[in-house]
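Q:
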Amino acid sequence: MKPQSLRGEDCAEEVIRVYSNLVYRLAFARTGTTYDADEIFQEVFLRYIKKRPVFENEDHRKAWFIKVTVNCSKKLWGSAWKRKTVPLAENLVFETKEDTDLYNELQKLPPKYREVIHLFYYEDLSTEEIARVLERKSATVRTQLTRARVLLKNLLKEEYDV
Amino acid sequence: MFKERYSHMNAQIQPSAQLLQAVLNAAYGSNLPKSRNALRLKRSAVALTALCICLTLAMPALAATVAPIYRLMYLVSPGTAQFFMPVQTSSEDNGIKMEVVSAYIHDETAEIYVTMQDLTGDRIDGTTDLFDSYSINRPFDSAAHCELAGYKEDTKTAMFLITIDEWGGQNIAGDKITFSVGGFLSHKSRYESLEIPIRLSDIPDAEQTQTVSPNGGGGRDNEGYLEFEKNPIALIPAAPMDVLSVDGIDLTGIAYIDGKLHIQTAIKEPLDNDHHGFFYLKDKTGTQIDGNYSFSFSNQYEQPGRIDYHEYVFDIPREKLAEYSLYGDFVTSGMKTEGKWQVTFPLKDAE
């Protein structure tokens, strides 16, 4: 049976609103700047609008948005344009010093670790779900998560129970 | 707790109202912000310049020895590497022939059909699985995967469908793809809803346990496991029990640890067979109850003789266990064949 879209064409606005924070926060987690997150946010939804993919259910739609956001982040990170430009200073202001400190410590992690941390702790995906959506072995994801947690623990001087 | 801290920080990160509106406008048929289009032009120009420089510098060396430097080149510049790869639509090794049947772009998906035929035996069958031994090299960013599309018994030929999408609307007609395979599994057996003849009301507490360093895990409560049990407590493997009749997967323990039912299996040389499976319980109405989490660990990684242990954990009180029966689904493979097969071919637009 051909999978049916859960939302009609006239519901693109709803889909964008529902997934806007997921896409933006994942893009920010991976790139660390709102400038890059802005760029990726547009790219992801541009692809969605152009392609209008059909999904069997909302889990598949969510997986699609995660996968495309990660792919777009990798593409931006590896692009010639990115390598030849100087990043703008991030002017995002957090509510508390703890938030700012956590942000600064996270920036010391490799992007692939930040991506796994975000999907596990914020999107509540299991390591197997992360493996599926990122097309990695679950053992690899688990190793990356473990290493990220060890690095974070060191960086935060065991301030948080990671 | 890190999770709460991280959530608090993330709650402050969201797209601006202007950015969200710009995307919504695009959904309604309006244009995205002009700055975005300008950005794209700048990027294209830089990328084109870089590609030209790469081509100029790389051409003499590539002309002499394409194959040896291909892998390195692909890491540095996939576009350049693929540009210089010679077209080769068939490849034969170890008595197995790989051949590209078609490679066309339909709408926004490239579909490539590749066959693998055993010229000397019956190593290829309808269960042939390339597992993680294949790679799909392409000169553009995209998502790609490969799956078995069919099998022809009389010619011992398996057909695989490679699908590539999400390349960002570029014109990829004429771009070359390289598909490589280093091995495959075949002659698989499936065991579905296999009832394990064991009296669950007699399951004892584990006499001895061990703390293990896990190399994988899953299940619906796996997050809790990862949070609080970094080094889980596992059963000590016992001699294989004869209640599990699956060739290649041994049942090496079933017992209670800390009020949870643990079931342990052992798989020898897992990288050569990809045997896998899972257990579940069924109540008297036939309702299936999955395990709460599972984890795996190995006896060692370096030497031949590796054994992977998988432990499936159910949070079921012992007094209720008599209401259930134990079942499992398993897949085993009977043969692993290794070789080196590689084809390179251009994509064509479907008319």
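For the protein sequence lines, the chains are A and B, in the order given. Residues 11 to 172 in the working numbering are what the first sequence spells out, letter by letter. Residues 74 to 424 in the working numbering are what the second sequence spells out, letter by letter. The beta carbon of each residue, even a glycine, is placed where N, CA and C say it ideally should be.
CA-CA distance, Ser215 of chain B and Glu68 of chain A?
A: If you take the alpha carbons of Ser215 of chain B and Glu68 of chain A, they lie about 22 Å apart.
Q: Is it true that the CB of Asp356 of chain B sits closer than 8 Å to the CB of Glu392 of chain B?
A: no
Q: On the premise that Ile76 of chain A lies in contact with Leu129 of chain A, defined as a C-beta separation below 8 Å, what is that separation, rounded to the nearest angstrom?
A: 7 Å
Q: Between the region 313 to 323 of chain B and the region 354 to 372 of chain B, do three or more beta carbon pairs fall short of 8 Å?
A: The region 313 to 323 of chain B vs the region 354 to 372 of chain B: no contact.
Q: So what's Val119 of chain B in DSSP terms, helix, strand or just coil?
A: Residue placement at Val119 of chain B cannot be trusted, given a pLDDT of 37 that sits under 50; the coordinates are not used to answer.
Q: Residues of the region 18 to 44 of chain A in Cβ contact with chain B at a cutoff of 9 Å, in chain order, please.
A: Ala22, Glu23, Val25, Ile26, Arg27, Ser30, Asn31, Val33, Tyr34, Arg35, Phe38, Ala39, Thr44
Q: Does any residue of chain B bring its CB to less than 8 Å from the CB of Ser83 of chain A?
A: no
Q: Which residues of chain A have a Cβ atom closer than 9 Å to the Cβ of Ser259 of chain B, listed in chain order?
A: Those do not exist, as Ser259 of chain B stays about 21 Å from chain A at its closest Cβ, beyond 9 Å.
Q: Considering only the alpha carbon of each residue, which of A:Ala22, A:Leu36, A:Asn31 lies closest to Pro121 of chain A?
A: A:Leu36
Q: My parser needs the beta strand (DSSP E) runs of 3 or more residues fully inside the region 313 to 377 of chain B; what are they?
A: 314 to 319, 322 to 330, 333 to 341, 349 to 355, 361 to 363, 366 to 371
Q: By the criterion of Cβ-Cβ separation under 8 Å, what are the contact partners of Tyr123 of chain A in chain B?
A: Result: empty, since nearest Cβ-Cβ is about 13 Å, beyond 8 Å.
Q: Can you tell me where the alpha helix (DSSP H) holding Phe104 of chain A begins and where it ends?
A: First-last for Phe104 of chain A: undefined, no H or E at that position.
Q: I think Asn210 of chain B touches Ile250 of chain B, with their Cβ atoms under 8 Å apart; what is that distance to the nearest whole Å?
A: 7 Å
Q: Shorter than 8 Å from the beta carbon of Cys125 of chain B to some beta carbon of chain A?
A: Here Cys125 of chain B scores only 33 on pLDDT, less than 50, and its place in the model should not be relied on; the value that follows carries that caveat. For Cys125 of chain B, the answer is no, since every Cβ of chain A falls outside 8 Å of its Cβ.
Q: Could you work out which residue in B:Gln243, B:Phe351, B:Thr410, B:Val254 is closest to Arg263 of chain B when comparing CA atoms only?
A: Measuring from the Cα of Arg263 of chain B, the nearest candidate turns out to be B:Phe351.
Q: Hey, Ala222 of chain B and Met232 of chain B are a contact pair by Cβ (cut 8 Å); roughly how many whole angstroms apart?
A: Yes, Ala222 of chain B and Met232 of chain B are in contact; Cβ-Cβ is about 5 Å, under 8 Å.
Q: With a threshold of 8 Å between beta carbons, is Arg428 of chain B in contact with chain A?
A: Nothing can be reported for residue 428 of chain B, as the shown portion of chain B is limited to 74 through 424.
Q: Between the region 228 to 252 of chain B and chain A, which residues of the former have CB atoms less than 9 Å from a CB of the latter, in chain order?
A: Asp238, Glu239, Gly241, Gly242
Q: What residues in its chain sit with their C-beta under 6 Å from that of Asp117 of chain A, if we drop five residues either side in the sequence?
A: It is worth fixing the name first, because residue 117 of chain A is Gln in this sequence and not Asp. Correct list, in chain order: Gly42.
Q: Is Gln243 of chain B helix, strand or coil when you go by DSSP?
A: Under the three-state reduction of DSSP output, Gln243 of chain B falls in the coil class, being neither helix nor strand.
Q: Indicate the three-state DSSP secondary structure (helix, strand or coil) for Val160 of chain B in the structure shown.
A: coil
Q: Along chain B, which residues have their Cβ under 7 Å away from the Cβ of Lys61 of chain A?
A: Glu181
Q: Tell me, please, whether the CB atom of His81 of chain B is closer than 8 Å to any CB atom in chain A?
A: Chain A has a Cβ within less than 8 Å of the Cβ of His81 of chain B.
Q: Is it the case that the Cβ atoms of Ala451 of chain B and Lys413 of chain B are separated by a distance below 8 Å?
A: With chain B running from 74 to 424 in the structure shown, residue 451 of chain B is simply not present.
Q: Any C-beta of chain B sitting closer than 8 Å to the C-beta of Arg57 of chain A?
A: yes
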